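Taking it in order: structure first as structure tokens, then the write-up.
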Amino acid sequence: MISHTEYRAVVEFLHREALLADEARYAEWLALWTDDGVYWVPATTDPAADPDKHLSHIYDNRGRLETRIKLLLTGHRYSQEPASRMRRLVSNIEAAPAENGELVAESNFALAELAIQAKREMHWWVGRTTHRLRRVGGELKMCRKKVVLVNAAEPLPNLSFLI
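Take the position in the sequence shown, starting the count at 1, then add 31; the result is the number in the numbering used here.
Here it is, written out as structure tokens:
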């Protein structure tokens with residue numbers, strides 16, 4: 032069990048992370064990560080999935096995250112030129128202590144993406160996110176983010192932005 036104050040800090044962190052991703056504030060979003068961070072979007076809904084044994088839509092370490100952000104910032108990520116318009120809802124937030132003083136936060140999300148690059152299509156991304164958070168210099172930071180999409184095992188439209 033965590034305190035109400037710590038739970039409130041987790042909720043505020045998740046809401047801030049969603050806002051930064053929605054508004055393409057990539058440098059600020061990247062600053063939410065620890066140096067050893069891992070961002071994983073498995074291509075399965077299997078809760079026992081292992082990124083070393085199963086396909087992934089995204090499996091990025093911190094260096095790859097930085098490369099992904101640089102591409103988005105240069106405008107050379109043509110699948111996101113112009114950038115999609117996005118808004119996400121985060122709900123059903125649960126938080127619990129983990130080892131080493133870290134916190135595990137799980138939540139549901141719904142992300143509406145208006146892909147305006149070619150056909151102006153609306154895409155819905157829905158799933159469950161697990162964040163591993165740790166305090167660095169007193170601030171919460173993500174050391175791991177796992178996003179399990181409801182349709183993870185199905186063919187997906189372009190996933191070149193931050194989910």
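Here a beta-carbon is modelled for each residue, glycine too, at the ideal position from N, C-alpha and C. All of these numbers come straight from a predicted model, not from anything done at the bench.
Sort the options by Cα distance to residue i and report the nearest one.
i, options, result
"G68", "L96, V135, S115 and V41", "L96"
"V118", "I147, E54 and L104", "The identity of residue 118 in the sequence shown is Arg, whereas the question assumes Val. Checking every option, the nearest Cα to that of R118 belongs to E54."
"V72", "T65, D81 and D66", "D81"
"L104", "T76, Y57, L86 and A74", "Y57"
"P186", "L86, A141 and R116", "L86"
"A184", "M153, A62 and P78", "P78"
"A143", "A49, E133, M32 and E130", "A49"
Does the beta-carbon distance from residue i to residue j come in below 8 angstroms?
i, j, result
"C174", "R159", "no"
"Y70", "D83", "no"
"L63", "K177", "no"
Whole-angstrom Cβ separation of residue i and residue j, contact assumed at under 8 angstroms?
i, j, result
"A127", "V135", "5 angstroms"
"L180", "W155", "No, L180 and W155 are not in contact; Cβ-Cβ is about 10 angstroms, not under 8 angstroms."
"T65", "R166", "Their Cβ separation, rounded to whole angstroms, is 10 angstroms, which puts T65 and R166 out of contact at 8 angstroms."
"E137", "T161", "5 angstroms"
"L61", "I100", "5 angstroms"
Quiz item: So does the segment 37-51 actually touch the segment 115-130, counting three or more Cβ pairs closer than 8 angstroms?
Solution: yes
Quiz prompt | Secondary structure, beta strand (DSSP E): runs of 3+ residues fully inside the segment 58-142 | solution = 64-73, 87-92 and 116-128
Quiz prompt | Segments of 3+ residues assigned as beta strand (DSSP E) that fall wholly inside the segment 143-179 | solution = 152-167
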